[in-house]
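Novice:
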Amino acid sequence: MALLDKLAMIKLRFDDVAQQIIEPEVMNDMKRYVQLNKEYKDLSPIVEAYLAYKLVCDNIEESKEILDTEDDAEMKEMARMELDDAIPKKAKIEEGIKVLLIPKDPEDSKNAVVEIRAGAGGDEASIFAGDLYRLYSRYCENKKWRTELVDVTHGTAGGYKEIVMNVSGDDVYGTLKYESGVHRVQRVPQTETQGRVHTSAASVVVLPEAEEFDVQISDKDIKKETYCSSGPGGQSVNTTYSAVRLTHLPSGVVAQCQDQKSQIKNYAKALQVLRSRIFEIELAKRNAEIAGKRKTMVSTGDRSAKIRTYNYPQGRFTDHRIGLTLYSLSDIMNGDIHKIIEELTVAENAERLKEGSDD
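Numbering-wise, the sequence shown is residues 1038 to 1396 according to my numbering.
#1: On the three-pair Cβ rule with 8 Å, is the segment 1180-1197 touching the segment 1241-1248?
#2: If you draw a straight line from the C-alpha of E1388 to the C-alpha of R1154, how long is it?
#3: Distance, Cα to Cα, D1066 vs T1212?
#4: I need the boundaries of the alpha helix (DSSP H) containing V1234, first residue and last residue.
#5: Can you give, in chain order, each stretch of the alpha helix (DSSP H) that sits fully within the segment 1136-1199 and has at least 4 residues?
#6: Please return the same chain residues whose Cβ sits closer than 6 Å to the Cβ of E1152, not counting the five positions on each side in sequence.
#7: Within 10 Å of its beta-carbon, does E1102 have 16 or more other beta-carbons around it, so buried, or fewer, so exposed?
#8: Which ranges does the alpha helix (DSSP H) cover as unbroken runs of at least 4 residues, wholly within the segment 1066-1149, from first to last along the chain?
#9: So Q1253 and T1236 are in contact, right, with Cβ under 8 Å, and what is the actual spacing, rounded?
#10: Please name the residue in K1198, E1216, W1182 and E1062 whose C-alpha comes closest to that of G1206.
#11: Taking the alpha carbon of D1188 as the reference point, which residue from D1105, K1391 and A1307 has its own alpha carbon closest?
#12: Within 10 angstroms of the Cβ of G1158, are there 16 or more other Cβ atoms? Answer buried if so, exposed if not.
#13: Using the C-alpha atoms, what's the distance from E1076 back to L1186?
#14: Taking contact to mean 3 or more Cβ pairs, one atom from each stretch, closer than 8 Å, check whether the segment 1106-1114 and the segment 1141-1148 are in contact.
#15: State the Cα-Cα distance for the pair E1317 and N1303, rounded to the nearest angstrom.
#16: Can you pull the DSSP bridge partners for M1202?
#17: Using a Cβ-Cβ cutoff of less than 8 Å, which residues in the same chain neighbour S1367 once the five nearest sequence positions on both sides are dropped?
#18: Starting from the C-beta of Y1173, find all residues in its chain whose C-beta is less than 7 Å away, skip the five residues before and the five after it, and write them out in chain order.
#19: Please report the distance separating the alpha-carbon of I1134 from that of F1051.
#20: Rounded to whole angstroms, how far is the Cβ of V1136 from the Cβ of C1177, which I believe are closer than 8 Å?
#21: Throw me the rounded Cβ distance for the I1164 and A1123 pair, which I believe falls under 8 Å.
#22: Please classify S1313 as buried or exposed, where buried requires at least 16 neighbouring CB atoms within 10 angstroms.
#23: With a threshold of 8 Å on Cβ separation, who are the neighbours of S1288 within its own chain once the five nearest residues in sequence on each side are excluded?
#24: Can you tell me where the beta strand (DSSP E) holding V1209 begins and where it ends?
#25: Can you name the residues that DSSP bridges to A1292?
#26: Rounded to whole angstroms, what's the CA-CA distance from L1044 to I1259? Just pull it up for me.
#27: Any idea what DSSP makes of E1388, helix, strand or coil?
#28: Hey, L1073 and V1054 are a contact pair by Cβ (cut 8 Å); roughly how many whole angstroms apart?
#29: Which class does D1356 belong to by DSSP, given the choice of helix, strand or coil?
In structure tokens, the structure reads:
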């Protein structure tokens, strides 16, 4: 009964939030309205599971009562069949509810800033960074998420030395946060004439997009610089001071944007990234506190951790955190990473359930 009681309390809160959302004073307070909408969305699957769980519990009680009190053999047989069906169904719903009741990372529902940088490996690392950008672009496209370039530095032989993009949609950060870390590639570079396999790397950093009320930045704490954009983009991009670099003086954090022809638009995008990078500093401190409790190290944000290897000669993909190996590298490089993210989510939820039971 304890679980039912807990779920009943959540249902009461859900009904209360549903009522508050339509009240005029709440609708006029954007910050509160956004927060309540998020809570409503987060509670919805729990309430849905609760109603299904309550129904199956009622069916079990009803079937047991029939078996205890009914004399009719046919009625008793129907009740026994209902019970045989309902008991495993109840257990399955219970397991799902346990996962739903794990406290959610409050940042999971946020949009994300994705930064991909070439690491060791020279030109091949830049080409690999370009491959990762294509992978994530295609994955986002399949998820119906919107992507928007913020900053690009092209590699000398193709790909990117660095590329930054905003991704917006449902639960973007909660899905993509598993991608942060060092990605290694093992393959014969396009520039290699001897056919030797080289290892190079690129780093991926996924930041939750910070809202204005998450991070307050004073104008006096920002140093703004403008410069001419570099790389492809046409004459007007390269000859006007439209690119913007922002430095947060108290922390030294820097963000820049040169994707748009408009300096105003570049400033807005750079400010968004700056805010997210400052927000991540606080987030990293919090993640470090819980990192020691989890073996998967899924969402600790350790940028130096080598999390993946992409082996082209063998068509092999490996995620080292959970020991997952797949031989479908071609599909993965075309954005089919749903199974990988699902496995990482299951692994983290298992760790968090264990963490909760140990407390």
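Beta carbons: idealized from backbone N, C-alpha and C, even for Gly.
Everything numeric in this text was worked out from a predicted model, so none of it was measured.
Specialist: Once the coordinates are examined:
#1: no
#2: As a position in the sequence shown, residue 1388 is number 351, starting the count at 1. As a position in the sequence shown, residue 1154 is number 117, starting the count at 1. Taking the straight line joining both Cα atoms gives about 30 Å.
#3: Within the sequence shown, residue 1066 is the residue found at index 29, counting from 1. Within the sequence shown, residue 1212 is the residue found at index 175, counting from 1. Rounded to the nearest angstrom, the two C-alpha atoms are 29 Å apart.
#4: By one-based count along the sequence shown, residue 1234 stands at place 197. Here V1234 belongs to no alpha helix (DSSP H), and DSSP marks it neither H nor E.
#5: 1160-1179
#6: Position 115 of the sequence shown, counting from 1, holds the residue named residue 1152. The residues are V1201 and V1242.
#7: Within the sequence shown, residue 1102 is the residue found at index 65, counting from 1. So E1102 counts as exposed.
#8: 1067-1106 and 1110-1137
#9: For the purposes of this step, residue 1253 is taken as residue 216 along the sequence shown, with counting starting at 1. For the purposes of this step, residue 1236 is taken as residue 199 along the sequence shown, with counting starting at 1. Not confirmed; about 43 Å, so no contact.
#10: Within the sequence shown, the letter at position 169 stands for residue 1206. Comparing Cα positions, the closest option is W1182.
#11: Taking the sequence shown and counting its residues from 1, one reaches residue 1188 at position 151. Nearest option by C-alpha distance: A1307.
#12: As a first step, residue 1158 must be located in the sequence shown, where it is residue number 121. By the 10 Å Cβ count, G1158 comes out buried.
#13: Within the sequence shown, residue 1186 is the residue found at index 149, counting from 1. Within the sequence shown, residue 1076 is the residue found at index 39, counting from 1. So the two alpha carbons sit approximately 30 Å from each other.
#14: no
#15: Within the sequence shown, residue 1317 is the residue found at index 280, counting from 1. Within the sequence shown, residue 1303 is the residue found at index 266, counting from 1. C-alpha separation (whole angstroms): 21 Å.
#16: Here residue 1202 refers to the residue found at position 165 when the sequence shown is read from its first residue. Looking at the DSSP assignment, M1202 forms a beta bridge with V1151 and L1186.
#17: Here residue 1367 refers to the residue found at position 330 when the sequence shown is read from its first residue. Result list for S1367: G1352, in chain order.
#18: Taking the sequence shown and counting its residues from 1, one reaches residue 1173 at position 136. Answer for Y1173: V1151, listed in chain order.
#19: Numbered from its first residue, the sequence shown carries residue 1134 at position 97. Numbered from its first residue, the sequence shown carries residue 1051 at position 14. Their Cα atoms are separated by approximately 16 Å.
#20: Here residue 1136 refers to the residue found at position 99 when the sequence shown is read from its first residue. Here residue 1177 refers to the residue found at position 140 when the sequence shown is read from its first residue. Their Cβ separation, rounded to whole angstroms, is 25 Å, which puts V1136 and C1177 out of contact at 8 Å.
#21: Here residue 1164 corresponds to residue number 127 of the sequence shown, with the count starting at 1. Here residue 1123 corresponds to residue number 86 of the sequence shown, with the count starting at 1. No, I1164 and A1123 are not in contact; Cβ-Cβ is about 56 Å, not under 8 Å.
#22: Residue numbering aside, residue 1313 sits at position 276 when the sequence shown is read from its first letter. The residue in question, S1313, is buried, as its Cβ has 16 or more Cβ neighbours within 10 Å.
#23: Counting from 1 along the sequence shown, the entry for residue 1288 is found at position 251. Around S1288: I1315 and I1318.
#24: Start at 1 with the first residue of the sequence shown, and residue 1209 comes out as number 172. Looking at the DSSP string, V1209 is not in any beta strand (DSSP E); the run it does join, the alpha helix (DSSP H), is V1209 to L1213.
#25: Start at 1 with the first residue of the sequence shown, and residue 1292 comes out as number 255. DSSP, once it has assigned bridges, lists L1283 as partnering A1292.
#26: For the purposes of this step, residue 1044 is taken as residue 7 along the sequence shown, with counting starting at 1. For the purposes of this step, residue 1259 is taken as residue 222 along the sequence shown, with counting starting at 1. Going from the Cα of L1044 to the Cα of I1259 covers about 47 Å.
#27: By 1-based counting over the sequence shown, the position of residue 1388 is 351. E1388: helix per DSSP, three-state reduction.
#28: What you label residue 1073 is simply residue 36 of the sequence shown in a count that begins at 1. What you label residue 1054 is simply residue 17 of the sequence shown in a count that begins at 1. The pair is a contact, with the Cβ atoms about 5 Å apart (cut-off 8 Å).
#29: Translated into the one-based positions of the sequence shown, residue 1356 becomes position 319. In this structure, D1356 counts as strand in the three-state DSSP scheme.
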